[in-house]
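Reviewing the structure listed below.
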Amino acid sequence: MMMMATLAKPVRVLCVDDHAMLLEGLRARFDREPDIELAGTLTTVDGLASEVERSGATVVLLDIDMPGEDVFDALDDLHRRHPETRAIMLTAHIRDTYIDSAIAAGAWGYLSKSDAPDTIVEGVRKVAAGELAFSPDVEERVNAARHGRAVKPGSKLTLLTPREQQILRMIGMGQGRQEIAHAIHRSPKTVDAHRASIMEKLAIHDRVELARYAIREGLVEV
Amino acid sequence: MTHRGLPCVRRLWPAEKGRGMASSDAGRWNHDRTAAGSDPGLWDRFAREQAGGAIDALSSHVALLDSTGVVVAVNRAWQRFGAQNGLLVDSAGIGRSYLAVCDAASGPESSEAARCADGIRRLLAGQIEEFRQQYRCETAIGPRWYQMRATRFVHGARTFAVVVHEDITEVMRAYSALAESEARFFQITEVIDQVFWMKTLSPVRVAYVSPSVERLFGIRPEEIYRNPGRWMEIVHPEDAPRVRESIGAWIERGGPGCWTEEYRVVRPDGSVRWVRDSAHGLPAAADRGGKILCGVAEDVTELREHRDRLEHLVQERTAQLRESQELLAQQDRLASIGTLAAGLGHDLANILFPMRCRLDVLEASALPAALRPEVDGLKTTVEYLRQLSAALRQCAIDPISAGQPRGPTRLSEWANGVRPLIEKSAAGPIDLAWEIGDDLPAVAVAPHQLTQAVLNLVGNATESIDGPGRIVVRAEPPRTLAGPVELSVIDTGCGMSDEARRHALEPFFTTKQRGRSTGLGLSLVHAIVRSVDGEIRIDSAEGRGTTVTLRLPRWNPRAGEPDRPPAAHPHRAAIVGVSLASPRRSAMVRHVAAAMGLRAVDSDPDGAEPPDIWVVDESAASPDAARDFLAAGPERGVVVFGPARMDWTALGVEHVGEEEGLDALRRALRQARRGRMNSP
């Protein structure tokens with residue numbers, strides 16, 4: 003289904019993906035749409051906020067699995083610095099935790115690279131028009147009830163970024179440094195940095211206490 | 033055998049003080065030449081003729097009596113006994129009447145003495161040829177046992193009796209010990225659960241069989257004593273030839289070592305018992321000839337049953353272990369394949385997306401007609417690769433999701449939601465029926481996983497049907513209180529061969545043409561079901577259709593039943609009024625409201641159609657405004673974006689945190705609706 007563009011000026015889209023072919027494919031596709039313009043491309047999220055500012059992008063299409071800075075941290079940062087910019091995840095990873103992290107970091111949509119290009123175009127339009135956009139696969143997960151995962155208001159967990167909450171949950175589940183790094187596609191050093199940040203924000207000084215905290219706060223069901 | 037004390041006759045001889053024994057020449061058969069009735073010449077002749085020295089050498093006590101029972105001669109052993117026991121009898125009793133002494137006996141030994149006297153008299157009278165008697169005698173060195181044997185001989189016209197007393201003390205002690213031992217033996221054999229038996233071979237005779245033979249095998253010992261072949265009569269006819277052959281061969285070899293056989297016997301009541309019979313050969317005394325077989329037969333029926341059960345259990349466990357090891361190895365392989373496949377799928381997605389973008393552009397372009405089929409062909413290929421990529425990415429279980437609770441999913445609600453999608457996959461002249469009740473318990477499977485699984489199954493079912501046919505998606509309630517829910521996809525298609533069914537769950541196995549099927553569908557269904565600790569069962573036969581059953585675990589009630597959406601207003605959908613500064617938050621509320629069947633509008637609390645739920649920013653609205661809104665209607669609710677403050681919380685409003693997601697918003701909307709409806 004195609005939504006007819008009703009916007010006064012084209013939507014300027016910044017595409018971020020480490021696959022150059024994919025970026026070129028998006029360029030070719032967006033070139034056919036009179037209401038969508040490719041504002042620029044990046045192959046990492048390093049300097050994302052600056053590029054958004056420079057390019058005047060109003061919508062950002064973001065892959066998740068890229069080298070460099072953590073995507074969710076970068077998204078969180080973008081949301082704070084440019085709240086008017088609307089980010090949509092475009093990824094091959096359809097995972098509950100990524101979906102949760104993306105939404106918590108301020109994403110407006112979560113689309114799959116398995117979707118038809120028309121769906122991506124339609125998603126960009128919906129977000130530009132003020133609606134959320136999810137792939138059919140993601141829509142079902144988003145609408146399913148979850149249990150025991152919400153952060154209670156007033157909890158110190160609100161001090162943590164979505165990535166940090168994700169890592170804290172994995173620590174609570176007993177996963178080790180290497181395991182966490184493998185799961186989130188980051189280096190063990192990145193995991194160490196996140197853990198140090200978590201411990202500082204929560205004023206907790208050892209891993210065992212961190213794990214207990216995660217369980218107490220309901221991040222992990224036992 | 034008992035030994036009654038025979039009066040020690042010689043003790044009865046009065047001791048004659050002062051008169052010691054007549055001196056005797058060493059080695060000479062002693063006699064008193066002066067004894068009344070003695071013949072002085074008799075002894076010389078006797079000694080000369082009868083080698084008196086030999087009689088003196090005997091250990092037996094020997095006395096010669098004349099026809100009247102008078103002692104006419106004694107040997108050295110007789111004399112020595114007398115001396116040792118203080119019997120200072122003149123000439124060791126020579127000339128005294130042996131019979132008179134017996135007759136004079138009194139007390140407890142009198143009856144034996146009388147018997148002895150009677151026996152000797154009858155002997156001397158020629159009524160008997162021999163008289164024997166055993167008796168006990170108190171001596172200076174303690175009790176002794178003797179056997180008296182009296183025989184008669186005639187010399188010329190005169191009759192004599194030779195009385196011999198043999199010390200059988202050691203023999204009696206041995207007999208006594210043997211008797212004691214036998215008594216103990218019999219006590220033991222009577223109480224043990226084994227049957228002890230002894231048998232001689234020449235002649236064939238059962239020397240002993242313990243009484244337990246009747247208790248254990250239902251035949252009395254007397255039957256076996258009477259008929260040594262009785263035991264073989266109860267051996268099971270199927271085992272009897274083997275047993276006969278075995279023991280026969282063993283006996284023929286001389287019965288070396290131990291013979292053992294296990295065989296069945298049929299008790300008189302018809303019951304069958306297993307027996308372990310073992311035997312040893314014992315050398316018999318030379319006079320008895322041949323060997324004695326000595327054996328033990330025990331009932332090993334229960335032992336065999338335990339052993340069989342144990343063997344069966346071991347085989348079962350070994351098979352299970354082998355199966356587990358194969359499963360582990362397979363899972364290892366699958367995990368490796370899964371990881372590799374997931375990575376491949378991910379990379380494929382990154383490649384295919386731009387290809388599809390380019391194909392879209394081509395398709396929209398003014399292409400020559402001749403190129404259209406090429407573009408269509410490319411699209412078909414890319415679409416197949418897209419499906420393959422999606423399937424490959426599902427091959428690895430999400431390590432982050434593993435361990436998180438899945439579901440709960442109410443099947444009836446799920447079915448209502450996915451029906452259009454799944455019915456689309458069963459296109460053509462195929463009738464797709466749903467048989468899912470409303471009262472089924474929730475299952476612990478995420479809805480999207482269930483959709484993926486059923487889509488795959490319905491897709492397979494569709495492809496198996498050539499022409500018109502029928503597919504049924506059916507859910508059965510649990511058969512036990514905590515049992516799984518069974519969800520089946522049943523088709524009237526071509527069915528699977530045995531081989532296809534055996535391999536159906538393996539990745540990349542397909543019976544369809546390559547390029548038409550990835551071969552991953554059923555293995556993905558299997559992976560989904562396994563990841564929730566469920567099971568999959570395939571019932572299929574060629575030409576008879578297929579039923580694939582997913583046994584899905586119930587949602588754990590301790591985790592709480594899923595919230596039911598509030599009942600829709602009979603006349604209209606609840607209205608959610610949105611008063612949020614953030615366009616994103618507004619978009620979130622609208623999105624969640626739409627999914628919940630609620631109507632989201634820009635808020636106008638005082639408008640013509642006031643909302644049922646008001647969603648506000650904590651920073652933009654005041655608690656008083658919220659209070660006024662709530663007071664206007666009992667079904668009204670308020671959701672506040674922002675930190676929970678006392679003044680808001682006291683109103684009973686629902687809060688959604690700054691960084692909370694759609695799930696928290698959904699719960700808040702639901703609670704706002706429900707809470708108000710439930711308040712007094």
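Each protein sequence line maps, in turn, to chains A and B. Following this note's numbering, the residues of the first sequence are numbered contiguously, the last one being 224. Following this note's numbering, the residues of the second sequence are numbered contiguously, the last one being 712. For every residue, glycine included, the Cβ atom is placed at its ideal position computed from N, Cα and C.
Continuous beta strand (DSSP E) stretch holding residue i: start and end
i: V670 (chain B); result: G669 to F673
i: K231 (chain B); result: V227 to L233
i: D309 (chain B); result: V304 to P315
i: S520 (chain B); result: V517 to D523
i: W466 (chain B); result: I462 to E467
i: G174 (chain B); result: G174 to H187
i: I38 (chain A); result: I38 to L44
i: Q159 (chain B); result: From DSSP, Q159 (chain B) is part of no beta strand (DSSP E); its letter is neither H nor E.
Residue of the options minimising C-alpha distance to residue i
i: T201 (chain B); options: B:R262, B:I173 and B:S213; result: B:I173
i: D20 (chain A); options: A:S103, A:G70, A:I186 and A:E55; result: A:G70
i: S618 (chain B); options: A:T93, A:W110 and A:R82; result: A:W110
i: E415 (chain B); options: B:V297, B:A215, B:I383 and B:E144; result: B:I383
i: E455 (chain B); options: B:V521, B:R147 and B:R705; result: B:V521
i: W446 (chain B); options: B:L519, B:T494 and B:L391; result: B:L519
Where the alpha helix (DSSP H) containing residue i begins and where it ends
i: P138 (chain A); result: P138 to N145
i: K191 (chain A); result: P190 to L204
i: M264 (chain B); result: R262 to I266
i: L482 (chain B); result: P479 to S496
i: R153 (chain B); result: S142 to L156
i: C134 (chain B); result: Y130 to D135
i: I186 (chain A); result: R179 to I186
i: M23 (chain A); result: A22 to D33
i: H535 (chain B); result: D530 to H535
i: S92 (chain B); result: That residue, S92 (chain B), is in no alpha helix (DSSP H); it is neither H nor E in DSSP.
Closer than 7 Å at the beta carbon, the chain A residues around residue i
i: R586 (chain B); result: Per Cβ cutoff of 7 Å: no residues; R586 (chain B) is ~15 Å from chain A at best.
i: R418 (chain B); result: S116
i: A422 (chain B); result: S116
Nonlocal neighbours in the same chain, by C-beta distance under 6 Å from residue i, ignoring five residues either side
i: L380 (chain B); result: S421
i: T292 (chain B); result: S310
i: T183 (chain B); result: E162 and V194
i: P500 (chain B); result: P461
i: V144 (chain A); result: F136
Proximal residues to residue i (C-beta, below 8 Å), its chain only, five neighbours per side dropped
i: S635 (chain B); result: G609, V610, S611, P643, W646, V647 and V648
i: K203 (chain A); result: K158, L161, L162 and E166
i: D695 (chain B); result: none
i: P260 (chain B); result: K231, V236, R237 and V238
i: H603 (chain B); result: With a pLDDT of only 46 at H603 (chain B), under 50, the local geometry of the prediction cannot be trusted, and the value read off the model is given with reservation. Around H603 (chain B): no qualifying Cβ.
i: R190 (chain B); result: D98 and S99
i: A700 (chain B); result: V671, E686, H687 and V688
i: L212 (chain A); result: L170, I173, G174, R197, I200, M201, L204 and I206
i: D33 (chain A); result: L40
i: A434 (chain B); result: Below a pLDDT of 50, predicted positions are generally treated as unreliable, and A434 (chain B), at 45, falls in that range; no measurement from the model is reported.
The ligand FMN heavy atom lying under 7 Å from the CB of residue i
i: C290 (chain B); result: Although the ligand FMN was asked about, the structure shown includes no ligands whatsoever.
Contact set for residue i: own chain, Cβ-Cβ below 7 Å, skip 5 residues either direction
i: L721 (chain B); result: Residue 721 (chain B) lies beyond the residue range present for chain B, which begins at 33 and ends at 712; the question has no answer from this structure.
i: V54 (chain A); result: L16, V62, L80, H84 and T87
i: A536 (chain B); result: M528, L554 and I570
i: G566 (chain B); result: P516, L582, R583, L584 and P585
Chain B contact residues for residue i, given Cβ-Cβ distances below 7 Å
i: L137 (chain A); result: Residue 137 (chain A) is actually Ser in this sequence, not Leu. Near S137 (chain A) there are no residues of chain B at all, since even the closest Cβ is about 11 Å away, more than 7 Å.
i: A213 (chain A); result: None at all; the shortest Cβ gap to chain B is about 14 Å.
Closer than 9 Å at the beta carbon, the chain B residues around residue i
i: L16 (chain A); result: Going along chain B, no residue has its Cβ under 9 Å from L16 (chain A), so there is no contact; the nearest lies around 17 Å.
Cross-chain neighbours of residue i in chain B, by beta carbon under 8 Å
i: M23 (chain A); result: N382, I383 and P386
i: E133 (chain A); result: A619, R622 and H623
Could you please tell me which residues of the segment 177-189 of chain A, in chain order, have their CB closer than 7 Å to any CB of chain B? Correct list: A185.
By the 7 Å beta-carbon criterion, what residues does the segment 372-386 of chain B contribute toward chain A? Listed in sequence order: H378, A381, N382, I383, F385 and P386.
May I ask you to list, following chain order, the residues of the segment 27-40 of chain A that have a beta carbon less than 8 Å from some beta carbon of chain B? G27, L28, A30, R31, D33 and R34
Within 7 Å of chain E by C-beta, residues of the segment 480-494 of chain B in sequence order: The chain labelled as chain E is not found among the protein chains of the depicted structure, namely A and B.
Residues of the segment 386-398 of chain B with Cβ closer than 8 Å to any Cβ of chain A, in chain order: Hits within the stretch, in order: P386, M387, R388, C389, R390, D392, V393 and A396.
The segment 610-628 of chain B: positions lying closer than 9 Å to chain A by Cβ: S614, P615, R616, S618, A619, M620, R622, H623, V624, A627 and M628
Between the segment 69-82 of chain A and chain B, which residues of the former have a C-beta closer than 7 Å to a C-beta of the latter? none
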